[in-house]
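Asks: The structure that follows is given in the form of structure tokens.
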Amino acid sequence: MSLNVESLDHGNASLYVSSVTISDRGMYVCTVKYSAERKEKEILFKVFARPLLSIQSMKVQRNTKNTLTCKATGFYPPDILITWYIKGEVLRNYLMGKPQMYNDGTYQVDSNVTITPTIDDQNQIFSCRVQHDSLQEPLQEDFQLIYE
Numbered sequence: 002m003s004l005n006v007e008s009l010d011h012g013n014a015s016l017y018v019s020s021v022t023i024s025d026r027g028m029y030v031c032t033v034k035y036s037a038e039r040k041e042k043e044i045l046f047k048v049f050a051r052p053l054l055s056i057q058s059m060k061v062q063r064n065t066k067n068t069l070t071c072k073a074t075g076f077y078p079p080d081i082l083i084t085w086y087i088k089g090e091v092l093r094n095y096l097m098g099k100p101q102m103y104n105d106g107t108y109q110v111d112s113n114v115t116i117t118p119t120i121d122d123q124n125q126i127f128s129c130r131v132q133h134d135s136l137q138e139p140l141q142e143d144f145q146l147i148y149e
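Here it is as structure tokens:
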């Protein structure tokens, strides 16, 4: 964090935060004293980290129960929504774990869906979609199953 001292003479008391980390979030107080006057302003500094999305396994066996895993990593804050799709339609039988915190304060979470693929699913598009406050639009990973 830095404050440009030269700009104070011109009424600019901006605080510059570079290389922002999760620990930089919180309430900051700007206090200005001039003669006998004193003014304070509280500023809430919010920090967001975008999730990275990956499909852990696309390999399946036909006509057998298989579990697909979608992993979201490196995100903050911990509130996140992961939804599974096939052909653009929501799969209802998915589970999402509780976000786990990394040492740097970001989070990771897995979402699993159990499917029993048939020959009809061979060329279908499956999707894992993530909604998070750091994203203007949902993040989506599309894939096709790989049959063993």
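Reading the sequence shown from the start, the letters are residues 2 to 149 in the working numbering. All residues carry an ideal CB built from backbone N, CA and C; glycine is no exception.
1) Going straight from the alpha carbon of E7 to that of V33, what length do you get?
2) Within 10 Å of its beta-carbon, does A73 have 16 or more other beta-carbons around it, so buried, or fewer, so exposed?
3) Where in the region 46-83 do unbroken runs of the beta strand (DSSP E), each at least 3 residues long, occur, reported from the N-terminal end onward?
4) Within the same chain, show all residues whose beta-carbon is closer than 6 Å to that of L53, passing over the 5 residues directly before and after it, in chain order.
5) Name, in chain order, the residues that DSSP records as bridge partners for Y103.
6) My assumption, with CB atoms under 8 Å, is that D105 sits in contact with I23. Please give the rounded CB distance.
7) Please report the straight-line C-alpha distance between K1 and D80, rounded to a whole angstrom.
8) Have a look at G27, D25 and C31 and flag the residue whose alpha-carbon is nearest the alpha-carbon of S15.
9) Closest Cβ-Cβ distance between R39 and chain D: below 8 Å?
10) Determine whether the beta carbon atoms of I83 and Q125 lie at a separation below 8 Å.
11) Report back the beta-carbon spacing between E142 and S128 to the nearest angstrom; my notes put them in contact at under 8 Å.
12) Checking the sheet assignment: what are the DSSP bridge partners for G27?
13) Excluding the 5 residues preceding and the 5 following K40 in the sequence, name in chain order all residues of the same chain whose CB lies nearer than 7 Å to its CB.
14) Taking the beta carbon of H133 as the centre, do at least 16 other beta carbons fall within 10 Å, making it buried, or is it exposed?
15) Is I116 helix, strand or coil by DSSP?
Replies: Looking at the coordinates:
1) Cα to Cα, E7 sits roughly 16 Å from V33.
2) By the neighbour-count rule (16 or more Cβ atoms within 10 Å), A73 is buried.
3) 53-56 and 67-76, all fully within the region 46-83.
4) For L53, where only same-chain residues beyond five positions count, the Cβ hits under 6 Å are T74 and G75.
5) None, per the DSSP bridge assignment.
6) Between I23 and D105 the Cβ distance is about 6 Å, and since that is below 8 Å, they are a contact.
7) Residue 1 lies beyond the residue range present for the chain, which begins at 2 and ends at 149; the question has no answer from this structure.
8) Nearest C-alpha to S15: C31.
9) Absent here is chain D; the protein component of the structure consists of one chain.
10) Between I83 and Q125, the C-beta spacing is not below 8 Å.
11) Contact flag correct, Cβ pair sits at about 7 Å.
12) Answer is F46, bridged to G27.
13) V33, listed in sequence order.
14) Buried, since its Cβ has 16 or more Cβ neighbours within 10 Å.
15) I116 falls in the strand class under three-state DSSP.
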